[in-house]
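A.B. asks:
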Amino acid sequence: MSSSGFAATALALACLALVYWRILPKPLQGIPYNKTSASRVLGDLPDMLKWSSTTGEPYYFLPKLCQDLASPIAQVFLFPGKRPSVVVADGQEAHDIMLRRTNEFDRSPFFADGFRAWLPDTLPTLASNEQWKHQRRIFSDTMSPSFLQKVNAPRVHQAYTQLLDLWTKKTEIVGESLVNVDKDILYATLEALWNSHFGRSSGALKLQAENLSLPRRKDAATGAEVFQDAMLPDEVACTIVLPNSSQIVMNSPFGVSHQMVALVVVPKLRRAMEAKRRLVEAEITAAVRRLAERKGVKEKDPDDVACAADLMISRAQKLGEDLYSRAMRDDIFTYIVGGFDTTASTIRWGVLLLAAHQDAQIKLRSALEHAHGTSDLPSTEAITRHSIPYLDAVIEEVVRLGDPVPASMRIATCDTQVLGHYIPKGTEVIFPTWGPTHTSPGFPVDDKMRSPTSQEHGGKIGSWDENDMHEFKPERWLKRDRDGREVFDQFAGPAIVFGAGARGCLGKRLALLQMRIFFTLVFWQFELLPTEVRIQAKQAVTRRPENVLVKMRKLR
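The sequence shown begins at 1 in the UniProt record's numbering and counts up by one.
Spelled out as structure tokens, the structure:
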């Protein structure tokens, strides 16, 4: 080999070695990590993919890593050439960071990537800047308790009453046979949000009911009766198709760039994007028309509007917002897609958990009958007015164990510390909602290692009994007040599925309202019988059951 050839080869090898060294994981000092992962370019990714292929739940690899390292904090290497992410498996510290340390931590760019390709200017995508505050002012009134009770609750009640009718017809056809109700729950929850937002029906449940007359099949593996699910029109289907496309970001090494290309070249996704545009523009125009018709009418309540879209448009008009701006259009669409899949997944878990735990189902029904009687279907007003501690406990326990969002994420906006460890600016911090302190015992933490605010406020939230924290037990959320009455305790233990603080779930109140109405109506009218079907989870955009197979008996 000539000297010039040897030099070129040596230079190429040196460049390769430099590139290899540059993309090797660079651990943060002092934070535990898997030593094997730190010595390979792909870091923890091979182990996470192996875990995911075995369990179907990739995010649960993160609390497992902390358990393997016997530490409440660990670092994980998931993106070659990038800084490691930090996993904090401690409910108290996670809650404190999200609620009180907002000047040090903001929403995660990785979380925003799930929306960026198809809702680039929506609230979840934005950092906590002035634009975010402006858009939040337009959006937030739709989640006020008075608006939810006045506008949303009747429409949610109407949607889930339609679901009762659908299930009544199914039981008339198949009796107490095993039946798949996955899409029924999804469409009913979509209908509840659609009607609340746009003031009209999506038609999803009506189409589902019309399909009952079509031929059905029996699933060979489970023996379940399978009805044909409705094909939704594009303007409705896009609210399901586009959020599901965010799985591309989670599964592809090219992340959001891959999704952006897919939204253009994949026909189904391209149609969904066009349907979204038509839907949002038409609904904004309809809201403007309805608001114009109200002008000049003297009303005591200036916010006495027909639906959430009208309230958002009314607020935007007062603030001088361009009603057809991309930000406005994105937030109009986000009202529906931002929460309905999460709520539907939680309800699915609730149905399966209560069918599997007959004692809890019996207690819930007894509490409902004590509050509402046994003759007439509970009304919207009665459901929102009555305090039923055991119902609240069931909902929170379903959220806790259903775990539809298996992790919350933040990014450090400055150099800071977590549990005594240095966290440089720009580091992604992940808070699992499963595992240590949530469903398994946590790790000892010296209070001196906690932040000052965590030390000051940490005692306000309880901890779960380590002997049964992995079990479904609604009673853990109940306590006795000073007068000896049983009451619901929202601070009984760590619960961060909805996040916390200003960047927590903006639709939490609406989600809880929907679940309150659903569980009241369904378990007042139906008994869900025990089955032999194994409950299996899968991770899509949310953590949801693989199948929702139930046996129903109508009670009244």
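Even for Gly, the Cβ is constructed at its ideal location relative to N, Cα and C.
Using the C-alpha atoms, what's the distance from Q75 back to G426?
C.D. replies: Stepping through the sequence shown from its first residue, residue 426 is reached at position 426. Stepping through the sequence shown from its first residue, residue 75 is reached at position 75. For G426 and Q75, the distance between alpha carbons rounds to 14 Å.
A.B. asks: Do the segment 220-227 and the segment 172-182 touch if we need at least three Cβ pairs shorter than 8 Å?
C.D. replies: The answer is yes - the segment 172-182 touches the segment 220-227, with three or more Cβ pairs under 8 Å.
A.B. asks: Assuming L148 and L510 make a contact with CB atoms under 8 Å, what is their CB distance in whole Å?
C.D. replies: Position 148 of the sequence shown, counted from the first residue, corresponds to residue 148. Position 510 of the sequence shown, counted from the first residue, corresponds to residue 510. Rounded, the Cβ-Cβ distance is 6 Å, consistent with contact.
A.B. asks: Can you give me the C-alpha to C-alpha distance between P444 and P436, rounded to a whole angstrom?
C.D. replies: One-based indexing of the sequence shown puts residue 444 at position 444. One-based indexing of the sequence shown puts residue 436 at position 436. Whole-angstrom Cα-Cα distance: 11 Å.
A.B. asks: In whole angstroms, what is the alpha-carbon distance linking G493 and A500?
C.D. replies: Residue numbering aside, residue 493 sits at position 493 when the sequence shown is read from its first letter. Residue numbering aside, residue 500 sits at position 500 when the sequence shown is read from its first letter. Spanning the two alpha carbons is a distance of roughly 14 Å.
A.B. asks: Please state whether the Cβ-Cβ distance between L163 and A188 is less than 8 Å.
C.D. replies: For the purposes of this step, residue 163 is taken as residue 163 along the sequence shown, with counting starting at 1. For the purposes of this step, residue 188 is taken as residue 188 along the sequence shown, with counting starting at 1. Cβ distance < 8 Å, so L163 and A188 count as in contact.
A.B. asks: What do you get for G30, buried or exposed, if any count of 16 or more other CB atoms within 10 angstroms of its CB means buried?
C.D. replies: Position 30 of the sequence shown holds residue 30. Exposed, because fewer than 16 other Cβ atoms sit within 10 Å of the Cβ of G30.
A.B. asks: How far does the alpha helix (DSSP H) with A112 in it reach, from first residue to last?
C.D. replies: Here residue 112 corresponds to residue number 112 of the sequence shown, with the count starting at 1. P109 to R116 is the span of the alpha helix (DSSP H), which, as asked, contains A112.
A.B. asks: Output needed for K298: all residues of its chain with C-beta closer than 6 Å, excluding positions within five of it in sequence on either side, in chain order.
C.D. replies: By one-based count along the sequence shown, residue 298 stands at place 298. Residue placement at K298 is poorly supported in this model, since its pLDDT is 48, which falls under 50; the coordinates are not used for a value here.
A.B. asks: Go to E104, then tell me how far its alpha helix (DSSP H) extends in each direction, as first and last residue.
C.D. replies: The count along the sequence shown starts at 1 and reaches residue 104 at position 104. Here E104 belongs to no alpha helix (DSSP H), and DSSP marks it neither H nor E.
A.B. asks: Going by beta carbon distance, what residues of the same chain come within less than 7 Å of F115, once the five residues before and after it are set aside?
C.D. replies: As a working mapping, residue 115 is identified with position 115 in the sequence shown. Closer than 7 Å at the Cβ level, and outside the excluded window around F115, lie T122, P124 and T125.
A.B. asks: Count the other C-beta atoms from every protein chain shown that fall within 10 angstroms of the C-beta of N195, then say buried if there are 16 or more, exposed otherwise.
C.D. replies: As a working mapping, residue 195 is identified with position 195 in the sequence shown. It is buried - the Cβ of N195 has at least 16 other Cβ atoms within 10 Å.
A.B. asks: When burial is assigned at 16 or more other CB atoms within 10 Å of the CB, is S375 buried or exposed?
C.D. replies: Your numbering for residue 375 matches position 375 in the sequence shown. With fewer than 16 other Cβ atoms within 10 Å, it is exposed.
A.B. asks: Is DSSP giving Y324 helix, strand or coil here?
C.D. replies: For the purposes of this step, residue 324 is taken as residue 324 along the sequence shown, with counting starting at 1. Coil at Y324, not helix or strand.
A.B. asks: Going by DSSP, what residue range makes up the alpha helix (DSSP H) through I138?
C.D. replies: Indexing the sequence shown from 1 puts residue 138 at position 138. From DSSP, the alpha helix (DSSP H) with I138 extends over E130 to S140.
A.B. asks: From R556 to L353, what distance separates their C-alpha atoms?
C.D. replies: Taking the first residue of the sequence shown as position 1, residue 556 is located at position 556. Taking the first residue of the sequence shown as position 1, residue 353 is located at position 353. R556 and L353: Cα-Cα distance of roughly 22 Å.
A.B. asks: Could you check which residue in I248, A356, P267 and S128 has the C-alpha nearest to that of L549?
C.D. replies: Translated into the one-based positions of the sequence shown, residue 549 becomes position 549. Considering only alpha carbons, the answer is A356.
A.B. asks: Could you pull out every unbroken alpha helix (DSSP H) segment of at least 4 residues lying fully inside the segment 144-186, listed in chain order?
C.D. replies: If we require 4 residues or more, the alpha helix (DSSP H) runs fully inside the segment 144-186 come out as 153-174.
A.B. asks: Pull up the DSSP beta-bridge partners for Q75, would you.
C.D. replies: If you number the sequence shown from 1, residue 75 lands on position 75. The partner list for Q75 (beta bridge, DSSP) reads V86.
A.B. asks: Measuring only the C-alpha atoms, how far is L311 from P530?
C.D. replies: Along the sequence shown, one-based indexing puts residue 311 at 311. Along the sequence shown, one-based indexing puts residue 530 at 530. Using only the alpha carbons, I get a separation of about 44 Å.
A.B. asks: Taking the CB atoms as reference points, tell me whether R543 and P404 lie closer together than 8 Å.
C.D. replies: For this step, residue 543 is matched to residue 543 along the sequence shown. For this step, residue 404 is matched to residue 404 along the sequence shown. Contact: yes.
A.B. asks: In three-state DSSP terms, what is Q539?
C.D. replies: On the sequence shown, position 539 is the one that residue 539 refers to. Q539: strand per DSSP, three-state reduction.
A.B. asks: Per DSSP, what are the beta-bridge partners of L478 in this structure?
C.D. replies: The residue given as residue 478 occupies position 478 in the sequence shown. DSSP lists F488 as partners of L478.
A.B. asks: Are the segment 232-241 and the segment 262-276 in contact at 8 Å, needing three or more beta carbon pairs?
C.D. replies: As far as the Cβ criterion goes, the segment 232-241 touches the segment 262-276, which means the pair count is three or higher.
A.B. asks: Quick one: residues in its chain with C-beta nearer than 7 Å to the C-beta of A306, no 5 flanking neighbours on either side, listed in chain order?
C.D. replies: Walking along the sequence shown from the start, residue 306 turns up at place 306. Hits under 7 Å: G199 and R290.
A.B. asks: Quick one: residues in its chain with C-beta nearer than 6 Å to the C-beta of H95, no 5 flanking neighbours on either side, listed in chain order?
C.D. replies: For the purposes of this step, residue 95 is taken as residue 95 along the sequence shown, with counting starting at 1. I496 and A500.
A.B. asks: Quick check: the Cα distance between K300 and M98, rounded to an integer number of angstroms?
C.D. replies: Working through the sequence shown from its first residue, we reach residue 300 at position 300. Working through the sequence shown from its first residue, we reach residue 98 at position 98. Here K300 scores only 46 on pLDDT, less than 50, and its place in the model is too uncertain to base an answer on.
A.B. asks: Enumerate, from N- to C-terminal direction, the unbroken beta strand (DSSP E) stretches of 3 or more residues contained entirely within the segment 500-530.
C.D. replies: Whole beta strand (DSSP E) segments, 3+ residues: 526-529.
A.B. asks: So, is Y160 buried or exposed, given that buried needs 16 or more other C-beta atoms within 10 angstroms?
C.D. replies: The count along the sequence shown starts at 1 and reaches residue 160 at position 160. Flag for Y160 reads buried.
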